[in-house]
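As they're listed, the protein sequences go chains A and B. Per the numbering used here, residue 129 is the first one in the first sequence, and the count goes up by one each step. Per the numbering used here, residue 6 is the first one in the second sequence, and the count goes up by one each step. In what follows, a structure is listed as structure tokens, so that the remarks can point back to it.
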Amino acid sequence: MHTQIVLEMRGISKAFPGVRALHNVDFTLRRGEVHALMGENGAGKSTLIKVMTGVYAKDAGRITIDGATIHFRSPQEAQNFGVGTVYQEISLCPNLTVAENMFIGRGRRGFVNWNRMNGDATRLLESLCIPARPTQELSNCSLAVQQMIAIARAVDMECKILILDEPTSSLDEDEVRRLFALMRELKSRGVGIVFVTHFLDQVYEVSDRITVLRDGELVGEYAASSLPQIELVAKMLGKELGDVAGIRNRRPRTAESGIPVFEATGLSSAAGVRPFDFSIHKGEVNGFAGLLGSGRSESVRAIYAADKVTGGSVRVNGKSVRIGKPIQAMKLGIGYLPEDRKGDGIIAELSVRENIILALQVMEGFFKPFSRKQAEAFADEYIRLLNIKTPSTGTPIKALSGGNQQKVILARWLLTHPEYLILDEPTRGIDVGTKVEIQKLVLKLAEEGVSVTFISSEIEEMLRTCSRLIVMRDRCVVGELEDSGLTQNDVMHVIAGGAEKPCDE
Amino acid sequence: MRRVKATGFHLLLPLSVLAFLVVVNVIKGVDYFSLSVINGALYGNIPNILFGASELVVLAVGMTLVTSSSGGQDISVGVAGAITSSVFVAILLGADKITWWTIFAGFLAGCAVGVLIGAFNGSLVAVFKVQPMVATLILFTAGRSVAFLIDGKLSPILANDLTSRIGGVMPGVFIQTPILLTAVFIALIALLLKTTNLKLYAQSVGVNEKAARLNGIDPVAVKLLTFMLLGVCTAVAGFIAVCKAGRHDSVNLLKYIEMDAILAVAIGGNALGGGKFSVTGSIIGAYTIEVLNRTLLRLEVDTEAIKAVKAVFIIVLMVLASPVVRGYLANAVRRPRSGTQTGTVAEEAEDGWVSAPDAFRGREAP
């Protein structure tokens with residue numbers, strides 16, 4: 129049995145300034161198996177892979193390939209040793225041909241024998257059943273085929289280990305099937321495949337074994353056949369099945385009467401959420417639950433018109449309205465704290481003051497700038513209110529820590545005094561103290577009559593703050609859980625697929 | 006105090022360059038600051054610099070706005086100035102008699118054409134997402150022929166007192182008119198930035214377009230607006246230039262000024278990649294370029310060699326201003342201090358996170 133092991137990692141640790149990314153993690157890959165690496169965002173999957181391929185140097189631990197201890201200093205070295213990697217974003221050159229992409233940078237001499245290269249490419253493509261011609265320009269191929277060509281490039285020379293980092297995230301179902309066929313083909317040739325994904329169904333379709341990481345630590349290694357989906361979710365989230373998590377310190381908010389503050393029917397967006405219905409009452413806190421990539425962010429983005437809205441009707445306080453762009457949502461009293469703080473939230477180079485007043489200032493209008501004094505007063509007020517730690521109001525926001533940046537964005541929306549506030553992962557990547565502060569703030573806002581939609585990857589956090597959960601899987605709403613009798617298990621069951629509603633068109 | 010330091014820092018480079026050039030000039034001869042009054046107007050090195058830089062200052066201001074919002078540069082400003090001024094000239098020469106009113110009407114027509122040009126360039130950039138330099142390359146290539154056609158394939162001469170007063174001196178006024186016009190222009194821009202949110206909007210779009218949109222700003226409108234404002238700037242610059250010259254030479258009017266305008270923005274400490282900007286910096290940058298040109302003349306550098314010497318000077322300047330050197334200097338300054346602020350630590354930690362994948366990407370590339 130021991131000879132079957134191709135890659136063995138023992139006691140791997142890796143720390144970044146201020147963060148312990150991996151702690152004493154083991155990972156074993158056998159010949160001819162598909163081994164899924166699972167874990168929530170930030171669990172350490174990517175770091176483990178990057179240690180595996182020599183992108184990061186490990187702080188501690190040992191890596192052996194075929195019994196020999198190795199120490200890669202660069203991905204190139206790993207590649208030469210038979211460790212191929214294909215990343216989520218395709219890193220090929222779209223304007224070169226298929227064959228060029230497969231062999232470029234490999235020739236030892238400066239000359240290229242085009243005929244031989246194209247011939248080799250044809251043989252390899254055929255043997256892997258990849259539907260592409262060597263002389264075709266890469267950009268003419270579908271994304272799936274491009275992905276396969278990236279794999280072909282990686283497996284070309286005596287590849288023993290193939291690492292696929294989220295290869296399916298941009299593929300449709302048909303393309304995924306073809307990719308899986310290729311993976312099975314490689315598997316039958318004895319290649320060990322590490323498969324990283326957050327699509328649960330796909331894991332069970334191709335994987336033999338599953339290793340789960342959480343918060344940089346190893347949860348365990350399991351045979352896919354003996355680990356039910358619900359247990360996998362439990363392990364990823366760090367909750368044992370049957371562990372009915374403790375106290376829920378919130379007031380029941382069931383019998384809400386009257387017209388909803390916000391109501392949507394059949395809402396859908398260009399980002400690919402299936403049409404869904406949604407409503408929220410005054411002072412209610414509800415949330416979208418689901419794993420990353422389940423469409424929960426896309427749903428709230430559709431509400432705020434952050435992505436192009438493609439269908440559905442919307443009512444605010446009972447009045448039929450059209451929300452086609454963010455400014456319209458803002459004027460209707462909707463605020464939105466985006467999931468991607470760095471990409472969508474902060475204006476990095478501008479000051480804390482400018483970042484705080486931005487939304488209100490835009491609502492005021494182009495010709496009504498706040499006086500310097502007024503802007504300072506707003507900034508000071510909210511820096512005090514939310515206890516934002518910044519040297520001054522003029523400090524660029526990028527100089528602040530993540531938690532304080534998040535508070536600045538929160539301040540930006542509180543300043544607009546919204547009727548309905550959408551918070552997408554407001555607590556991600558920030559310290560525990562700030563997390564609790566934000567949760568308390570949400571409940572306080574609700575008491576003051578603000579409706580809040582709260583999204584978090586931590587179900588416990590959502591149970592504590594939300595009175596109603598909308599559960600999503602594979603970009604559609606699969607269940608809605610009301611207040612009474614809401615437990616972690618219920619939520620996990622629905623997330624994992626004990627669906628109340630089937631997920632189809 | 007802290008504010009003064011913060012805003013002062015980016016002006017450090019242009020101001021020190023300016024000071025350096027002035028010192029060189031004074032060493033060359035102490036008569037540098039001498040002034041004389043000829044026909045009731047003030048002349049001398051300083052007035053000449055202010056006079057000569059007028060068009061460049063006006064264009065640098067507009068270029069700053071476009072750079073901030075779009076993260077690119079408009080290379081058609083000189084050509085646009087030639088077109089707007091040809092319209093101005095055409096209206097003047099078409100009128101029976103040149104009066105202040107016809108001049109005013111011609112100027113407004115020039116501005117309108119400038120706005121149109123800006124809208125054309127701006128929509129290519131904002132709507133069709135063409136890289137600004139490529140988008141404006143169209144007009145850069147075709148524009149002078151357009152101006153030539155508007156001129157009626159001639160170089161029309163503006164032989165009248167009124168326009169030569171605009172390009173020279175008004176009777177009874179101590180200072181040359183272009184200097185005054187530039188001052189008025191700067192005052193109007195200051196007023197615009199004071200009474201609108203242009204700066205906040207343009208900077209937000211330039212730094213993070215996605216976030217700006219999610220906060221209700223329309224990035225397309227903001228970019229269009231900055232290009233249209235630059236269009237007005239080209240009309241003002243064309244107006245001043247043609248009045249100075251007294252005739253409209255569609256081939257040589259404001260020739261190569263676009264590169265100086267971009268350079269002024271860069272010397273002013275503004276990032277050419279967009280985002281935060283300082284109009285003051287650009288204005289100082291524009292005057293610095295004019296001082297540099299005149300310094301080289303004063304040092305009696307061969308006319309053929311002037312451009313090469315200027316280029317060397319600019320290379321040195323740009324290397325000094327580059328993030329690499331600035332980072333090095335900042336480190337050299339910071340190192341002696343032991344206790345760094347928490348804010349800085351957080352920033353560095355985050356940079357560590359960012360740079361790791363970046364470094365990785367660099368290594369992945371074949």
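Here a beta-carbon is modelled for each residue, glycine too, at the ideal position from N, C-alpha and C.
Residues of the segment 460 to 483 of chain A whose Cβ lies closer than 8 Å to any Cβ of chain B, in chain order: Under the 8 Å Cβ criterion, the segment 460 to 483 of chain A contributes 464, 466, 471, 472, 473, 474, 475, 476, 477, 478, 482.
field: Helix, strand or coil at residue 257 (chain A) [DSSP, three-state]
entry: Reduced to three states, the DSSP call for residue 257 (chain A) is coil.
message: Buried or exposed, going by whether 16 or more other CB atoms sit within 10 Å of the CB of residue 545 (chain A)?
response: That one is exposed.
- request: Would you kindly check if the distance between the Cβ of residue 135 (chain A) and the Cβ of residue 153 (chain A) is under 8 Å?
  value: With contacts defined as CB atoms closer than 8 Å, residue 153 (chain A) and residue 135 (chain A) fail to qualify as a contacting pair.
query: Does the segment 270 to 286 of chain B come close enough to the segment 79 to 86 of chain B to have 3 or more Cβ pairs within less than 8 Å?
result: With a cut-off of 8 Å, the segment 79 to 86 of chain B and the segment 270 to 286 of chain B do not count as touching, because too few Cβ pairs lie within range.
task: Just mark residue 262 (chain A) as buried or exposed, buried being the case when its beta carbon has 16 or more other beta carbons within 10 Å.
output: In the assembly as shown, residue 262 (chain A) is a buried residue. Its beta-carbon has 16 or more other beta-carbons within 10 Å.
- prompt: What residue does the alpha helix (DSSP H) around residue 316 (chain A) start on, and which one ends it?
  reply: Run containing residue 316 (chain A): 301 to 316, per the alpha helix (DSSP H) assignment.
- prompt: Once you ignore the five residues that flank residue 314 (chain B) on each side, which residues in its own chain have a CB closer than 7 Å to its CB?
  reply: Taken in chain order, the residues that qualify are 301, 306.
query: By Cβ distance, which residues of its chain are closer than 6 Å to residue 350 (chain A), with the 5 residues on each side in sequence left out?
result: So the qualifying residues of the chain are 338.
message: Contact between the segment 127 to 138 of chain B and the segment 223 to 243 of chain B is defined here as three or more beta-carbon pairs at a separation below 8 Å; is this criterion met?
response: The segment 127 to 138 of chain B, when compared against the segment 223 to 243 of chain B, does touch it at the 8 Å Cβ threshold.
- prompt: From residue 89 (chain B) to residue 114 (chain B), what does the alpha carbon distance come to, in whole angstroms?
  reply: Their backbone Cα atoms lie some 8 Å apart in a straight line.
task: Return the chain-ordered list of same chain residues with a C-beta closer than 8 Å to the C-beta of residue 40 (chain B), the five sequence neighbours on each side being excluded.
output: For residue 40 (chain B), where only same-chain residues beyond five positions count, the Cβ hits under 8 Å are 47, 48, 49, 51, 52.
message: Please tell me whether residue 455 (chain A) has its Cβ less than 8 Å away from any Cβ of chain B.
response: Answer yes: the Cβ-Cβ gap between residue 455 (chain A) and chain B drops below 8 Å somewhere.
query: What did DSSP end up calling residue 552 (chain A) once you bin it into helix, strand or coil?
result: Three-state DSSP puts residue 552 (chain A) in a strand.
- request: Using the Cα positions of residue 371 (chain A) and residue 616 (chain A), report the straight-line distance between them to the nearest angstrom.
  value: For residue 371 (chain A), the predicted model reports a pLDDT of 39, less than 50, meaning its position is unreliable; a value from the coordinates is still stated below. For the pair residue 371 (chain A) and residue 616 (chain A), the Cα-to-Cα distance works out to about 8 Å.
query: Can you name the residues that DSSP bridges to residue 448 (chain A)?
result: The beta-bridge partner set that DSSP reports for residue 448 (chain A) consists of A:443.
message: Taking the straight line between their C-alpha atoms, what separation do you get for residue 304 (chain A) and residue 193 (chain A)?
response: Distance between the alpha carbons of residue 304 (chain A) and residue 193 (chain A): 29 Å.
task: Ignoring anything shorter than 3 residues or poking outside the segment 150 to 224 of chain A, list the beta strand (DSSP E) runs there in chain order.
output: Within the segment 150 to 224 of chain A, the complete beta strand (DSSP E) segments of 3 residues or longer fall at 162 to 166, 188 to 193, 211 to 214, listed in chain order.
message: I want to see whether chain B comes within less than 8 Å of residue 554 (chain A), judged by CB atoms only; does it?
response: Cβ-Cβ to chain B under 8 Å: no for residue 554 (chain A).
query: Looking at the unbroken alpha helix (DSSP H) that takes in residue 316 (chain B), where does it start and where does it end?
result: Residue 316 (chain B): member of the alpha helix (DSSP H) spanning 311 to 326, first to last residue.
C-alpha gap between residue 122 (chain B) and residue 186 (chain B), whole angstroms: Cα atoms of residue 122 (chain B) and residue 186 (chain B): separation of roughly 22 Å, rounded to the nearest angstrom.
- prompt: the segment 211 to 223 of chain B: which residues have C-beta closer than 8 Å to a C-beta of chain A, in chain order?
  reply: Under the 8 Å Cβ criterion, the segment 211 to 223 of chain B contributes 212, 213, 215, 216, 217, 218, 219, 220, 221, 222, 223.
field: Which residues DSSP lists as bridging residue 340 (chain A), in chain order
entry: Looking at the DSSP output, residue 340 (chain A) sits in a beta bridge with A:166, A:348.
- prompt: Would a C-beta distance cut-off of 8 Å place residue 240 (chain B) and residue 118 (chain B) closer than the cut-off?
  reply: Against a cut-off of 8 Å, the Cβ pair of residue 118 (chain B) and residue 240 (chain B) comes out as a contact.
- prompt: In terms of residue numbering, what span does the beta strand (DSSP E) encompassing residue 296 (chain A) cover?
  reply: That residue, residue 296 (chain A), is in no beta strand (DSSP E); it is neither H nor E in DSSP.
task: Please decide whether residue 280 (chain A) counts as near chain B, where near means a Cβ-Cβ distance under 8 Å.
output: With 8 Å as the cut-off, residue 280 (chain A) does not count as an interface residue toward chain B.
- prompt: Is the CB of residue 275 (chain B) under 8 Å away from at least one CB in chain A?
  reply: Not flagged as an interface residue toward chain A: residue 275 (chain B), since no C-beta distance is shorter than 8 Å.
field: Cross-strand partners of residue 136 (chain A) (DSSP beta bridge)
entry: Residue 136 (chain A) pairs with A:156, A:192.
Same chain, Cβ closer than 6 Å to residue 248 (chain B), five either side skipped, listed in chain order: Closer than 6 Å at the Cβ level, and outside the excluded window around residue 248 (chain B), lie 168, 171, 172.
message: Strictly under 8 Å for the Cβ-Cβ distance: is residue 308 (chain A) near chain B by that measure?
response: Cβ-Cβ to chain B under 8 Å: no for residue 308 (chain A).
- prompt: In angstroms, rounded to a whole number, what distance separates the CA positions of residue 436 (chain A) and residue 452 (chain A)?
  reply: Cα to Cα, residue 436 (chain A) sits roughly 7 Å from residue 452 (chain A).
task: For residue 430 (chain A), return the contacting residues in chain B, with the cut-off set at a CB-CB distance below 7 Å.
output: Per Cβ cutoff of 7 Å: no residues; residue 430 (chain A) is ~13 Å from chain B at best.
- prompt: Where residue 324 (chain B) and residue 255 (chain A) are concerned, what is the direct C-alpha to C-alpha distance, given to the nearest angstrom?
  reply: If you draw a straight line from the Cα of residue 324 (chain B) to the Cα of residue 255 (chain A), it is about 53 Å long.
- request: Quick one: residues in its chain with C-beta nearer than 6 Å to the C-beta of residue 637 (chain A), no 5 flanking neighbours on either side, listed in chain order?
  value: What the structure shows of chain A is the stretch from 129 to 633, and residue 637 (chain A) is not part of that stretch, so it cannot be assessed.
task: Mind listing the chain A neighbours of residue 281 (chain B)? Cutoff is C-beta to C-beta under 8 Å, in chain order.
output: Ordered by position in chain A, the residues that pass the 8 Å Cβ test against residue 281 (chain B) are 477, 478.
- request: Give a yes or no on whether the C-beta atoms belonging to residue 325 (chain A) and residue 164 (chain A) are separated by under 8 Å.
  value: Cβ atoms of residue 325 (chain A) and residue 164 (chain A): closer than 8 Å.
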